[in-house]
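Report on the structure given below.
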Amino acid sequence: MWFLSHLGEVELAGGALAMGFGNITGVSVLKGLSVGMDPICGQAFGAKRWTVLSHTFQKMLCLLIVVSIPIAVAWLNVEPIFLMLGQDPDITKVSKTYMVFFIPELLAQAMLHPLRTFLRTQGLTSPLTISAIVSILLHPLFSYVFVMRMRLGVKGVAVAMAFNTMNINVGLLVYTFFSDSLIKPWQGLALRSLFRGWWPLLSLAAPSAISVCLEYWWYEIMLFLCGLLGNPKANVSAMGILIQTTGILYVVPFAISSAIATRVGHALGGGQPTRAQCTTVIGLILAVAYGLSAAAFVTALRSVWGKMFTDEPEILGLISSALPILGLCEIGNSPQTAACGVLTGTARPKDGVRVNLCAFYIVGLPVAVTTTFGFKVGFCGLWYGLLAAQITCLVMMLCTLIRTDWTHQVKRAEELTSSATDRSHSEEETIHIEVEDGDDVGSNDLEIGLLQ
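In the numbering used here, the protein residues as written are -3 to 448.
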């Protein structure tokens, strides 16, 4: 976003619109589908059903690659879609250019999401952290080379983002190949397993994708609504910067949510309901503390934050006026994101769909539209709608968690991991896999009898 802001107001608005559309049609879909892996892999790891992890990874990778193909076709034909939605022609032209060169990022994301989940559900977070840090450090360099030195402009911004994700993928693949401390994703590789046993994964992936998309899409709907306000270039640019800000603030709640999903999954898979409940409480406390800190941070920097992205007075004024509302949203967003991790770890994505549909579309969207256009509040009205959605979402999530029967969730975990294991009624095959034992020096050969 910083490099886009230095290319011009039209480039900033066009890039922001393209990023929003990319999130709506691509990133949110792939991320949502991959969330379906979390409960299966987490609970299978806790239950020591090792081959379930590798088979689930292989299925999810194939699924995301297949799904990426129609998404890429849509991105190549994005210009008439934007014009039909009433967007500015100059902004639309820039957005089309960005989307075409953003396709490599889509394919890189299709690899990243299942690989990241596969490692995280085994409790291996160090390679994820190291790869992300290295990639972040290299990203400004790639952006400078592509945008400034090679003068690719908007194209360079999109290509640099793809290189960023590819760097993470390379780091994770190198670690996966050489490390002896994890289950290899290619262990138990068999074409037969790719053609059966899809229902447990798809039954979780589909509602997970809907749940994630409902939340992601709401942010991008705000971006499109900005194009209907006066001076769309300034409003879209300011909204793009603020959405980027929420993305930065989202890193910590997402990490907490992922950790909760993994720990809860391990606990339920291992038959420990009390441990899963304690993990939930601790995670929510951490999320609330972070939400309060984030709110204080953005409110304190309201007058200077926008200057890191642009020097346009009108854009700076819009950012400054909305940041305090954004801060209040984070107080609700952080704990509700952590609560989503609990639903993921307990394999209840349908509950997430109901909550997000009600909070963001039955409550939040009408409040946003009425406040913005009915009461003529303008730009900040959209953020009041988000605030109403986050409050509703948090209340509904907490009510859902309070009613959770953790003993029953242990039984559901056993059923899920059993159904995810490939079966046939004709033969039993024994698979030998070598897994490092954390309590011993070296590794043990675990002989696992699977009914196949």
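Glycine included, each C-beta is placed from N, C-alpha and C at the ideal position. Nothing here was measured: the structure is a model prediction, and the numbers come from that model.
Return the residue from the list the options that minimises the CA-CA distance to residue i.
| i | options | result |
| --- | --- | --- |
| residue 290 | 249, 62, 6 and 264 | 249 |
| residue 131 | 159, 122 and 150 | 159 |
| residue 93 | 233, 9, 212 and 141 | 9 |
| residue 58 | 89, 13 and 111 | 111 |
| residue 345 | 193, 43 and 207 | 207 |
| residue 100 | 156, 75, 146 and 253 | 156 |
| residue 416 | 18, 7, 48 and 383 | 48 |
| residue 203 | 405, 24 and 274 | 24 |
| residue 64 | 102, 82 and 37 | 102 |
| residue 247 | 188, 272, 334 and 292 | 334 |
| residue 121 | 287, 376, 381 and 255 | 255 |
| residue 280 | 309, 117 and 329 | 329 |
| residue 338 | 353, 399 and 149 | 399 |
| residue 60 | 278, 31, 81 and 296 | 31 |
| residue 104 | 74, 72, 162 and 139 | 162 |
| residue 240 | 295, 259, 263 and 305 | 305 |
| residue 45 | 171, 179, 169 and 83 | 179 |
| residue 56 | 371, 296 and 181 | 181 |
Helix or strand or just coil, what does DSSP make of residue i?
| i | result |
| --- | --- |
| residue 181 | coil |
| residue 442 | In this prediction, residue 442 scores a pLDDT of 29, lower than 50, which makes its location untrustworthy; the coordinate-derived value is nonetheless stated afterwards. It is a strand residue. |
| residue 89 | helix |
| residue 147 | coil |
| residue 308 | coil |
| residue 296 | helix |
| residue 84 | coil |
| residue 225 | coil |
| residue 191 | coil |
| residue 408 | helix |
| residue 6 | helix |
| residue 153 | helix |
| residue 374 | coil |
| residue 342 | coil |
| residue 34 | helix |
| residue 287 | helix |
| residue 43 | coil |
| residue 275 | helix |
| residue 268 | coil |
| residue 400 | coil |
| residue 119 | coil |
I'd like to know if residue i contacts chain D, where contact means its C-beta is closer than 9 angstroms to some C-beta of that chain.
| i | result |
| --- | --- |
| residue 382 | Looking for chain D here will not work: only one protein chain is present. |
Just reading off the alpha helix (DSSP H) that residue i is part of, what are its end residues?
| i | result |
| --- | --- |
| residue 175 | Here residue 175 belongs to no alpha helix (DSSP H), and DSSP marks it neither H nor E. |
| residue 214 | 195 to 222 |
| residue 358 | Segment: none, residue 358 is in no alpha helix (DSSP H) and carries neither H nor E. |
| residue 265 | 228 to 265 |
| residue 134 | 122 to 139 |
| residue 346 | 345 to 352 |
| residue 367 | Residue 367 -> no alpha helix (DSSP H), and no H or E assigned at all. |
| residue 27 | 24 to 31 |
| residue 54 | 46 to 72 |
| residue 104 | 99 to 116 |
Would residue i and residue j qualify as a contact pair, given that the criterion is a beta-carbon distance under 9 angstroms?
| i | j | result |
| --- | --- | --- |
| residue 342 | residue 35 | yes |
| residue 164 | residue 108 | yes |
| residue 123 | residue 50 | no |
| residue 29 | residue 234 | no |
| residue 357 | residue 221 | no |
| residue 214 | residue 40 | no |
| residue 17 | residue 97 | no |
| residue 413 | residue 43 | yes |
| residue 373 | residue 327 | no |
| residue 91 | residue 14 | yes |
| residue 118 | residue 272 | no |
| residue 377 | residue 367 | yes |
| residue 325 | residue 383 | yes |
Can you grab the Cα-Cα spacing for the pair residue i / residue j, in whole Å?
| i | j | result |
| --- | --- | --- |
| residue 54 | residue 276 | 29 angstroms |
| residue 365 | residue 224 | 11 angstroms |
| residue 298 | residue 315 | 7 angstroms |
| residue 392 | residue 355 | 8 angstroms |
| residue 11 | residue 411 | 46 angstroms |
| residue 321 | residue 300 | 16 angstroms |
| residue 143 | residue 3 | 9 angstroms |
| residue 253 | residue 348 | 13 angstroms |
| residue 237 | residue 27 | 22 angstroms |
| residue 22 | residue 154 | 14 angstroms |
| residue 266 | residue 189 | 25 angstroms |
| residue 228 | residue 95 | 20 angstroms |
| residue 310 | residue 381 | 22 angstroms |
| residue 86 | residue 7 | 9 angstroms |
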